[in-house]
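Asks: This structure is in structure tokens; I'll ask about it shortly.
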Amino acid sequence: MGYTPELLELIKRVEKTRPQRVARKKAGEEFPALTLDERKVRLEKYHPDYRDGALRELKVGPSKGYSVAQEIADQFEARSRIDPDRIDLNEVHYETDVLVIGGGGAGTAAALMAEEAGARVIIATKLRHGDANTMMAEGGIQAATKSWKDSPYFHYLDVMGGGHFENDPLLVKTMVLEAPKVIGWLEDLGCMFNKRPDGKMFTLHGAGTCRKRMHYAGDMTGAEIMRTLRDEARNRMKNIGVLEFAPAVELLLDEKGSCSGAVLYNLETEEYFLVKAKSVIMATGGSGRLHMQNFMTTNHYGATGDGLAMGYRLGIKVRFLHATQYHPTGAVFPEQSEGLLITEKVRGAGANLVNIDGEQFVFEREPRDIESSSIIRECEKVRKGIPVPGQKGKFGVWLDSPMIDLLEGAGTVEREFPAKFILFKRYGIDISQLPMLIYPTLHYQNGGLEYKPDCSTEIPGFFVAGEVGGGVHGANRLMGNSLLDISVFGRLAGQSAGMFAKDRGDIGALSVEHVRQYHRELETEGIKTDRVSPMILPDYTTPEVKKRQWTTKYVGSLR
Amino acid sequence: MSAVTQQLMETDELSNDLSIRTDLIPIFIMGKKYDVPSTLTIQKALEYAGYQLIRGCGCRGGICGACATVYRLPGSPKINVGLACQTVVQPSMYLAMIPFFPANRAVYNLDELKPDAQTILEYYPELAKCMGCNTCTKSCPMEIPVMEYISAAIRGDIEKAAEISMSCVMCGICAARCPAELGQYNIGIMCRRITGKHIKPRAEHVWEMIEKINSGRYETGLNELINSEVQNLRKLYVERQMEPHTGPEEWKPDSNSYL
């Protein structure tokens with residue numbers, strides 16, 4: 408295993424230019440960054456969002472007329488998994504104060520804070536508790552914690568610039584002000600951030616940051632946060648119940664129009680269950696497994712945009728769903744690692760992106776959409792991409808990780824990126840000595856359901872937290888702001904939903920009238936489809952196998 | 047269709063379509079034979095064979111620990127281990143997944159724990175049963191010397207146990223194989239949380255910043271930004287001073303404004 412002889416030959420060109428590139432970096436000289444106007448042109452010409460047919464105008468629902476990614480429109484223009492006329496709303500199986508839908512970082516942070524507000528909590532999650540994109544976030548979490556050089560003011564500017572100044576200003580303000588509190592909270596829960604001997608946390612640059620404010624735990628920051636939050640939730644099992652392999656498929660209202668629970672689906676027994684709750688937090692995360700434009704994705708198996716579909720059907724508007732984030736550096740070689748995320752921290756630590764001739768073609772710390780567009784341009788327009796062995800027509804560029812050891816001292820790559828180091832070692836590639844072959848990969852849902860800074864929405868009792876929500880990142884999220892987003896808004900949603908539950912009187916008769924209405928609207932608009940949403944799980948069955956699956960009728964993508 | 051297949055379909059290179067590949071090898075999934083492409087991971091091979099995974103599949107990137115797998119190769123009694131999403135198939139491998147293992151986990155209040163050996167043994171008395179067989183280390187797909195961190199925990203060197211176990215993905219294979227019936231990964235995270243909270247010095251700069259935020263210090267500046275026109279915001283964004291990449295930790299910007 409390891410690189411093919413052809414690739415090893417090409418790597419020599421990278422090695423040839425490396426000493427000069429390292430010397431320039433050491434002298435503080437960077438590849439010129441694009442101006443704001445140049446950024447705009449690059450996006451419009453090369454970003455996948457701008458391709459013909461990428462978006463489609465919604466024909467139904469609260470954001471009718473708005474154009475979103477085709478694959479998301481498919482989820483919106485679909486019927487419920489349940490038949491509103493068959494469901495028995497009198498048979499309630501679980502009752503709780505706060506129902507959290509989604510067992511990732513946002514959901515778990517929310518559960519902890521709701522519990523602290525005195526609520527009994529149920530977390531309903533599709534896979535295992537913690538199997539979520541939070542677990543996979545590698546690089547770090549942004550927060551202005553070093554007051555001699557940074558402040559929430561500068562963090563705010565960076566977030567807005569990254570999002571092309573379209574972000575919801577009040578959400579951004581909340582996020583940057585809450586950021587240091589989240590770091591303190593996580594430290595207090597025992598998260599092991601990388602620290603100096605005096606306790607000062609290490610911080611790095613990320614793309615689009617003006618100050619080094621990326622806090623990290625090796626290259627598994629998300630995993631460290633996720634497993635810590637999950638462990639704490641398990642310590643509080645008296646008040647926080649977890650239902651695994653039980654995704655929500657529809658929300659419940661009461662007769663007064665307040666959100667009052669959800670319908671869960673037991674993936675193993677194929678039964679549906681009703682949860683009655685005084686408030687509901689939607690924290691289902693993103694939608695990379697919808698594979699926009701057939702791109703490979705870094706997302707976990709369950710990222711199918713379930714919360715978007717449920718929330719939209721409930722009547723919550725969506726925003727920024729026209730913008731999908733492609734992470735610049737997904738592995739394309741070896742085949743087994745395809746689509747795998749290579750953390751931006753590698754570029755934050757100084758590694759250049761170079762083409763087949765070993766030439767740098769972009770500043771490595773441009774915001775993600777610009778960086779991705781530049782890589783696509785280098786491969787498609789400039790035609791200096793590196794052909795991916797065994798996959799005709801596919802190209803990548805080099806991420807020159809060995810520069811890091813030259814800049815920061817031998818052993819840095821292994822120490823700072825232990826997870827990736829082991830992984831590539833398994834495939835016979837030492838990334839402290841050899842560059843990685845990468846290409847942009849579908850990574851993040853920039854937009855989502857509309858919510859306010861306290862995570863409340865237009866529907867009383869319904870709260871939104873994390874990637875399923877939209878607004879704080881505008882059209883493009885910066886590195887280190889997703890772990891921050893899920894922590895900040897997870898906590899706030901938990902507090903808000905906990906308080907709402909406390910103040911709420913009795914729940915009226917349960918209703919799924921909104922589902923009936925939605926179905927009627929589909930019919931009115933002439934949308935005839937056998938699609939159901941949420942999708943729940945992607946279907947990777949090969950056409951060969953499908954040909955022999957003779958069961959009369961499957962519903963959706965789940966068998 | 048797999049993500050790989052989908053991506054390939056885009057490039058009209060149908061010969062790359064996994065469903066008509068020729069480099070097939072036999073593997074035995076829970077004893078049943080399937081022919082799968084030789085370059086796939088166990089996880090993708092399961093899907094190629096026609097499985098739709100519910101359990102035993104999470105991040106698909108080697109970090110969530112959902113897809114613990116054991117396998118044996120012909121001609122050897124050895125039980126091998128791996129994460130299904132990270133391990134490439136081998137000819138005639140016999141494999142089974144362990145998507146869940148009921149390991150013991152103590153419930154504790156982190157605030158009240160003292161960072162010493164006593165504490166760990168009180169919550170996990172079974173630690174004393176460790177017989178040093180090293181099966182845990184041999185069965186770790188992350189190549190963590192598991193027994194070393196268990197020994198460190200027994201000695202009361204909690205910080206060491208935390209450091210060694212840092213890259214644990216909590217897949218549970220160690221617990222499944224342990225003759226002393228330890229739940230190593232749960233002991234590991236307890237050590238890490240004690241270390242993070244009680245042993246490592248606190249990050250004072252974080253708490254100083256929180257105080258400053260609570261005093262309302264940044265309200266005026268942030269409200270200026272919120273109320274400013276996009277044109278002005280763009281100008282401030284472009285003109286903001288960049289901390290140099292190789293600058294020292296103590297670096298300060300030229301102006302103190304808005305700090």
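Which chain is which? The protein sequence lines are E and L, in order. Start counting the first sequence at 408; every next residue gets the next number (my numbering). Start counting the second sequence at 47; every next residue gets the next number (my numbering). By construction, the Cβ of each residue, glycine as well, lies at the ideal position given by its N, Cα and C atoms.
Alpha carbon to alpha carbon, how far is E/Tyr-560 from E/Cys-862?
Replies: Taking the first sequence and counting its residues from 1, one reaches residue 560 of chain E at position 153. Taking the first sequence and counting its residues from 1, one reaches residue 862 of chain E at position 455. Spanning the two alpha carbons is a distance of roughly 22 Å.
Asks: Whether or not the stretch 531 to 542 of chain E and the stretch 606 to 620 of chain E are in contact is what I'm after, with contact meaning three or more pairs of Cβ atoms, one per stretch, closer than 8 Å; do they touch?
Replies: no
Asks: Could you compute how far the alpha carbon of E/Phe-831 sits from the alpha carbon of L/Ile-109?
Replies: Looking up residue 831 of chain E in the first sequence gives position 424. Looking up residue 109 of chain L in the second sequence gives position 63. Here the C-alpha atom of E/Phe-831 lies approximately 14 Å from the C-alpha atom of L/Ile-109.
Asks: Check whether the Cβ atoms of E/Leu-658 and E/Ala-531 sit closer than 8 Å, and answer yes or no.
Replies: Residue 658 of chain E sits at position 251 when you count from the first residue of the first sequence. Residue 531 of chain E sits at position 124 when you count from the first residue of the first sequence. The answer is no: Cβ separation not under 8 Å.
Asks: Please state whether DSSP places L/Val-284 in a helix, a strand or coil.
Replies: As a working mapping, residue 284 of chain L is identified with position 238 in the second sequence. Residue state, collapsed to three classes: helix.
Asks: Of all Cβ atoms in chain E, is any one closer than 8 Å to the Cβ of L/Asn-150?
Replies: Residue mapping note: residue 150 of chain L aligns to position 104 of the second sequence, counting from 1. Closer than 8 Å: no.
Asks: According to DSSP, E/Lys-580 sits in a beta bridge with which residue or residues?
Replies: Here residue 580 of chain E corresponds to residue number 173 of the first sequence, with the count starting at 1. Residue pairing by DSSP places E/Lys-580 opposite no residue, since no beta bridge is assigned to it.
Asks: DSSP beta-bridge partners for L/Asn-126?
Replies: Residue numbering aside, residue 126 of chain L sits at position 80 when the second sequence is read from its first letter. Per DSSP, L/Tyr-117.
Asks: What are the residues that DSSP puts in a beta bridge with E/Pro-794?
Replies: The count along the first sequence starts at 1 and reaches residue 794 of chain E at position 387. BP columns for E/Pro-794 point to E/Phe-802.
Asks: Going straight from the alpha carbon of L/Tyr-154 to that of E/Ala-516, what length do you get?
Replies: Taking the second sequence and counting its residues from 1, one reaches residue 154 of chain L at position 108. Taking the first sequence and counting its residues from 1, one reaches residue 516 of chain E at position 109. Distance between the alpha carbons of L/Tyr-154 and E/Ala-516 is about 18 Å.
Asks: With 16 other CB atoms within 10 Å as the buried threshold, where does E/Trp-957 fall?
Replies: Taking the first sequence and counting its residues from 1, the one referred to as residue 957 of chain E is at position 550. That one is exposed.
Asks: Along chain E, which residues have their Cβ under 9 Å away from the Cβ of L/Ile-272?
Replies: For the purposes of this step, residue 272 of chain L is taken as residue 226 along the second sequence, with counting starting at 1. Neighbours of L/Ile-272 on chain E, chain order: Tyr-563, Pro-576, Leu-577, Val-579, Lys-580.
Asks: Run down chain L in chain order and give the residues with a C-beta less than 9 Å from the C-beta of E/Phe-572.
Replies: Taking the first sequence and counting its residues from 1, one reaches residue 572 of chain E at position 165. Val-276, Leu-279, Arg-280, Tyr-283, listed in chain order.
Asks: Between the beta-carbon of E/Ala-440 and the beta-carbon of E/Phe-770, is there less than 8 Å?
Replies: Residue 440 of chain E sits at position 33 when you count from the first residue of the first sequence. Residue 770 of chain E sits at position 363 when you count from the first residue of the first sequence. Yes, the Cβ-Cβ distance between E/Ala-440 and E/Phe-770 is below 8 Å.
Asks: Quick one: residues in its chain with C-beta nearer than 6 Å to the C-beta of E/Glu-378, no 5 flanking neighbours on either side, listed in chain order?
Replies: Nothing in the structure corresponds to residue 378 of chain E, since chain E is present only between 408 and 966.
Asks: Would you list, in chain order, the members of the stretch 772 to 784 of chain E that have their beta-carbon closer than 9 Å to a beta-carbon of chain L?
Replies: Contacts with chain L (Cβ-Cβ distance below 9 Å) from the stretch 772 to 784 of chain E involve Arg-772, listed in chain order.
Asks: Give the single residue among E/Phe-680, E/Gly-435, E/Met-408 whose Cα lies nearest to the Cα of E/Glu-498.
Replies: By 1-based counting over the first sequence, the position of residue 498 of chain E is 91. Among E/Phe-680, E/Gly-435, E/Met-408, the Cα nearest to that of E/Glu-498 belongs to E/Phe-680.
Asks: Please list, in chain order, all residues of the same chain as E/Phe-438 whose beta carbon is under 6 Å from its beta carbon, the five residues on each side excluded.
Replies: One-based indexing of the first sequence puts residue 438 of chain E at position 31. So the qualifying residues of the chain are Gln-767, Phe-770.
Asks: Measure the Cβ-Cβ separation of L/Phe-147 and L/Ala-221 and say whether it is below 8 Å.
Replies: Residue 147 of chain L sits at position 101 when you count from the first residue of the second sequence. Residue 221 of chain L sits at position 175 when you count from the first residue of the second sequence. Yes; because the gap between Cβ atoms is below 8 Å, this pair is in contact.
Asks: Does the CB of E/Asn-601 have a neighbour CB from chain L at under 8 Å?
Replies: On the first sequence, position 194 is the one that residue 601 of chain E refers to. Cβ-Cβ to chain L under 8 Å: no for E/Asn-601.
Asks: Looking at C-alpha atoms only, which residue of L/Glu-250, L/Leu-92, L/Pro-299, L/Cys-217 is the closest neighbour of L/Ala-149?
Replies: Position 103 of the second sequence holds residue 149 of chain L. Cα-wise, what sits closest to L/Ala-149 is L/Cys-217.
Asks: Label E/Thr-948 either buried or exposed according to how many other C-beta atoms from any shown protein chain fall within 10 Å of its C-beta, with 16 as the threshold for buried.
Replies: Looking up residue 948 of chain E in the first sequence gives position 541. It counts as buried.
Asks: In this structure, what does DSSP give as the bridge partners for E/Asp-456?
Replies: Working through the first sequence from its first residue, we reach residue 456 of chain E at position 49. Paired residues: none, contrary to the question.
Asks: Looking at the structure shown, is L/Lys-298 part of a helix, part of a strand, or coil, going by DSSP?
Replies: Your numbering for residue 298 of chain L matches position 252 in the second sequence. Coil at L/Lys-298, not helix or strand.
Asks: Does L/Met-288 come within less than 8 Å of chain E when only Cβ atoms are used?
Replies: Counted from its first residue, the second sequence places residue 288 of chain L at position 242. Cβ-Cβ to chain E under 8 Å: yes for L/Met-288.
Asks: Would DSSP call L/Thr-51 helix, strand or coil?
Replies: The residue labelled residue 51 of chain L in the question sits at position 5 within the second sequence. In this predicted model, L/Thr-51 has a pLDDT of only 38, less than 50, meaning its place in the structure is not dependable; the value taken from the coordinates is given anyway. In the structure shown, L/Thr-51 sits in a helix (DSSP, three-state: H, G or I).
Asks: Is any beta-carbon of chain C found at less than 8 Å from that of E/Phe-680?
Replies: Absent from the structure: chain C. Protein chains present are E and L.
Asks: Within 10 angstroms of its Cβ, does L/Ser-301 collect 16 or more other Cβ (buried), or is it exposed?
Replies: Against the second sequence, residue 301 of chain L aligns to sequence position 255. The residue in question, L/Ser-301, is exposed, as its Cβ has fewer than 16 Cβ neighbours within 10 Å.
Asks: Run through DSSP, which three-state label would E/His-734 get?
Replies: Against the first sequence, residue 734 of chain E aligns to sequence position 327. Note: E/His-734 maps to strand in three-state DSSP.
Asks: For L/Gly-104, collect the residues of the same chain with a Cβ closer than 6 Å to its Cβ; drop the 5 residues on either side in sequence, then sort them by chain order.
Replies: Against the second sequence, residue 104 of chain L aligns to sequence position 58. Once the five neighbours on either side are set aside, the close Cβ partners of L/Gly-104 are Cys-110, Ala-112.
Asks: Could you give the DSSP three-state label for E/Gln-956: helix, strand or coil?
Replies: As a first step, residue 956 of chain E is located in the first sequence; it is residue number 549 there, counting from the start. DSSP places E/Gln-956 in coil when its eight states are reduced to three.
Asks: For chain L, is any of its Cβ atoms less than 8 Å away from the one on E/Cys-666?
Replies: Your numbering for residue 666 of chain E matches position 259 in the first sequence. Not one chain L Cβ lies under 8 Å of E/Cys-666.
Asks: Quick check: what's the CA-CA separation for E/Phe-824 versus L/Met-193?
Replies: Counting from one through the first sequence, the residue named residue 824 of chain E turns up at place 417. Counting from one through the second sequence, the residue named residue 193 of chain L turns up at place 147. Rounded to whole angstroms, E/Phe-824 to L/Met-193 spans 23 Å at the Cα level.
Asks: Over the uninterrupted alpha helix (DSSP H) stretch that includes E/Pro-412, give me the two end residues.
Replies: Walking along the first sequence from the start, residue 412 of chain E turns up at place 5. Taken as a continuous stretch (DSSP letters only), the alpha helix (DSSP H) holding E/Pro-412 covers 412 to 433.
Asks: Let me see if you follow: with CB-CB separation under 8 Å, is E/Asp-459 close to chain L or not?
Replies: Counting from one through the first sequence, the residue named residue 459 of chain E turns up at place 52. It does not: the Cβ of E/Asp-459 has no partner Cβ on chain L nearer than 8 Å.
Asks: Can you name the residues of chain E whose CB is closer than 7 Å to the CB of L/Pro-120?
Replies: Position 74 of the second sequence, counted from the first residue, corresponds to residue 120 of chain L. Under the 7 Å cutoff, chain E gives no residues; its nearest Cβ is about 21 Å from L/Pro-120.
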